[in-house]
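Colleague:
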Amino acid sequence: MALSPHMDRTLLQLPWQMLHIADCSFFVKVHFTDSSYCFLVSDLSSVWCEEAAAGVIEERSKELNKRLKAPISSFLSHLSQFICPLLDSKEKTPNTISCTRTPDALLLHVKSQLSGLPFYWDFHCREADVSTVCRQFLQPLLSMTKALDSQCQELCTLLRRKDEEIQDYQEGGAVLSRDRLRTETFEEDAFYKTLMSKNIPEQRGSSGLSERLQQLYRDVVVVQSQQEAAAAGDGVRPLKEESHEGDGHVSAASDPSTAQQEVDDGPKQKPSEVPPDDALSLTQRPSIVVAKAKKRKAKGLFT
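To get the working numbering, take the position in the sequence shown, counting from 1, and add 69.
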């Protein structure tokens, strides 16, 4: 399933959040409007999505909630108020939400109450297409990896310079006032070995992105969007001046008759009495007199 370009751009600006359902944890992006919604979910083995418009929502609400009569905006507002507080919550969701997996789909079942009556909803999420996975997952994560690697290299360089600075102080006779501030010389190879053997296995069991990684995700997405906008602008930029039909202005190049009429009517126009400042030539502008500083005679000590 592919997302519409507008919804794809909207979801790209949103951070990945965690949704815990029973023993399952999902990465989720969800966006609600007054007449539609989009749900993007992944368990890091598959990616599913659903983009539902007003017609689909109205038909499904009639099937699941025959006793409820309300505008679509009310249903979507209730779903937003129900789903959003569950995102990034450390506690597992109650029994009011469950999921069912099929070979090519993920169904999320919601049970709640609206206006004192039972309210049911099903998110029919289908497998996302490759372009959606690459745009929402792969491309930002690759950009984040490159940014983190560059940051790590700069920090390693800074640590080596700090060690050289400390060594220079020690050779000059500087002594630490407190032994607890003493540090070992930074070894980059040993640092990477410790990272690979200890930190990476510990991260495998954790879920979600820290606030720092979420901010990094937002930053790389902004850069990615700016680059795409710049590339799209360069591809459609016209060589000639465009006509502004909405403002009632038409360029002379687009209408030859108008251009001829302007040439004929040109001498009949009365020039303005006071030309604007921008119209003055360099010779007409008042000259600016710069006073030269007089040279002072040097005074000797005994003169």
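Ideal placement from N, C-alpha and C gives every residue a C-beta, glycine not left out. Owing to the predicted nature of the structure, the values given are computational and were not obtained by experimental measurement.
Just verifying my parser: in three-state terms, what is the DSSP assignment at Gln-150?
Modeller: As a working mapping, residue 150 is identified with position 81 in the sequence shown. Of the three classes helix, strand and coil, the one that applies to Gln-150 here is helix, per DSSP.
Colleague: Taking Glu-127 and Ile-141 to be in contact with their CB atoms under 8 Å, please state how far apart those CB atoms are, rounded to whole angstroms.
Modeller: As a working note, residue 127 is residue 58 in the sequence shown. As a working note, residue 141 is residue 72 in the sequence shown. Sure, about 6 Å apart at Cβ, within 8 Å.
Colleague: Give a yes or no on contact between the region 226–242 and the region 143–153, applying the rule of three or more CB pairs nearer than 8 Å.
Modeller: With a cut-off of 8 Å, the region 143–153 and the region 226–242 do not count as touching, because too few Cβ pairs lie within range.
Colleague: Could you tell me whether the Cβ atoms of Ser-111 and Phe-96 are closer together than 7 Å?
Modeller: As a working mapping, residue 111 is identified with position 42 in the sequence shown. As a working mapping, residue 96 is identified with position 27 in the sequence shown. Yes, the Cβ-Cβ distance between Ser-111 and Phe-96 is below 7 Å.
Colleague: Output the residue ranges of the beta strand (DSSP E) runs that lie fully inside the region 240–269 and measure 3 residues or longer, sorted by chain position.
Modeller: Counting whole runs of 3 or more residues, the region 240–269 contains no beta strand (DSSP E) stretch at all.
Colleague: Going by other Cβ atoms of all chains shown within 10 Å of its Cβ, with 16 needed for buried, is Lys-267 buried or exposed?
Modeller: By one-based count along the sequence shown, residue 267 stands at place 198. Per the 10 Å Cβ criterion, exposed.
Colleague: Around the C-beta of Val-289, are 16 or more other C-beta atoms found within 10 angstroms, so that it is buried, or is it exposed?
Modeller: Taking the first residue of the sequence shown as 1, we reach residue 289 at position 220. Val-289 should be labelled buried.
Colleague: From the beta carbon of Arg-287, is the nearest beta carbon of chain C less than 7 Å away?
Modeller: Any reference to chain C falls outside this structure, which holds one protein chain only.
Colleague: Given a threshold of 16 other Cβ atoms within 10 Å of its Cβ, counted over all protein chains shown, does Lys-98 qualify as buried or as exposed?
Modeller: Position 29 of the sequence shown, counting from 1, holds the residue named residue 98. By the 10 Å Cβ count, Lys-98 comes out buried.
Colleague: Give every residue of the same chain whose Cβ lies closer than 6 Å to the Cβ of Met-213, excluding the five residues on either side of it in the sequence, and list them in chain order.
Modeller: Position 144 of the sequence shown, counted from the first residue, corresponds to residue 213. Leu-285 and Val-289, listed in sequence order.
Colleague: Are the beta-carbon atoms belonging to Asp-232 and Glu-196 less than 7 Å from one another?
Modeller: Sequence index remark: in the sequence shown, residue 232 carries index 163 (1-based). Sequence index remark: in the sequence shown, residue 196 carries index 127 (1-based). Against a cut-off of 7 Å, the Cβ pair of Glu-196 and Asp-232 comes out as no contact.
Colleague: Just the C-alpha distance for Ala-139 and His-193, rounded to the nearest angstrom, thanks.
Modeller: Position 70 of the sequence shown holds residue 139. Position 124 of the sequence shown holds residue 193. Ala-139 and His-193: Cα-Cα distance of roughly 21 Å.
Colleague: Compare the beta carbon distance of Leu-186 and Leu-148 with 7 Å and say whether it is the shorter of the two.
Modeller: Within the sequence shown, numbered from 1, the residue matching residue 186 stands at position 117. Within the sequence shown, numbered from 1, the residue matching residue 148 stands at position 79. No.
Colleague: From Ser-181, Cys-203 and Leu-177, pick the residue whose C-alpha is nearest to that of Asp-191; which is it?
Modeller: Position 122 of the sequence shown, counted from the start, is the residue given in the question as residue 191. Taking only the C-alpha atoms, the option nearest Asp-191 is Leu-177.
Colleague: Tell me the residue span of the beta strand (DSSP E) that contains Pro-187.
Modeller: The sequence position of residue 187 within the sequence shown is 118, counting from 1. 186–196 is the extent of the beta strand (DSSP E) around Pro-187.
Colleague: Identify every residue that forms a DSSP beta bridge with Phe-95.
Modeller: The count along the sequence shown starts at 1 and reaches residue 95 at position 26. Beta-bridge pairing links Phe-95 to Leu-88.
Colleague: Can you give the beta carbon distance from Asp-157 to Gln-86, rounded, assuming they're within the 8 Å contact cut?
Modeller: Numbered from its first residue, the sequence shown carries residue 157 at position 88. Numbered from its first residue, the sequence shown carries residue 86 at position 17. 5 Å between Cβ atoms; contact.
Colleague: Within the same chain, show all residues whose beta-carbon is closer than 7 Å to that of Gln-182, passing over the 5 residues directly before and after it, in chain order.
Modeller: Counting from one through the sequence shown, the residue named residue 182 turns up at place 113. So the qualifying residues of the chain are Phe-188.
Colleague: Let me confirm a value: Cys-107 is counted as buried when at least 16 other C-beta atoms fall within 10 Å, else exposed. Which label applies?
Modeller: Here residue 107 refers to the residue found at position 38 when the sequence shown is read from its first residue. So Cys-107 counts as buried.
Colleague: Cutting at 7 Å between CB atoms, please list the residues of its own chain near Ala-216, excluding the five before and the five after it.
Modeller: Here residue 216 corresponds to residue number 147 of the sequence shown, with the count starting at 1. Excluding sequence neighbours, Ala-216 sits near Leu-285 and Val-289.
Colleague: Would Cys-118 be called buried (16 or more neighbouring beta carbons within 10 Å of its own) or exposed?
Modeller: In the sequence shown, counting from the first residue as 1, residue 118 sits at position 49. So Cys-118 counts as buried.
Colleague: With H, G and I counted as helix, E and B as strand and the rest as coil, what does DSSP make of Ser-158?
Modeller: For this step, residue 158 is matched to residue 89 along the sequence shown. Coil at Ser-158, not helix or strand.
Colleague: In the DSSP assignment, what residue or residues form a beta bridge with Gln-182?
Modeller: As a first step, residue 182 is located in the sequence shown; it is residue number 113 there, counting from the start. Paired residues: Pro-187.
Colleague: Whole-angstrom Cβ separation of Ala-122 and Ser-105, contact assumed at under 8 Å?
Modeller: The residue you call residue 122 lines up with position 53 of the sequence shown. The residue you call residue 105 lines up with position 36 of the sequence shown. Between Ser-105 and Ala-122 the Cβ distance is about 5 Å, and since that is below 8 Å, they are a contact.
Colleague: Could you give the first and the last residue of the continuous beta strand (DSSP E) run that contains Thr-102?
Modeller: The residue labelled residue 102 in the question sits at position 33 within the sequence shown. No beta strand (DSSP E) contains Thr-102, which DSSP labels as neither H nor E.
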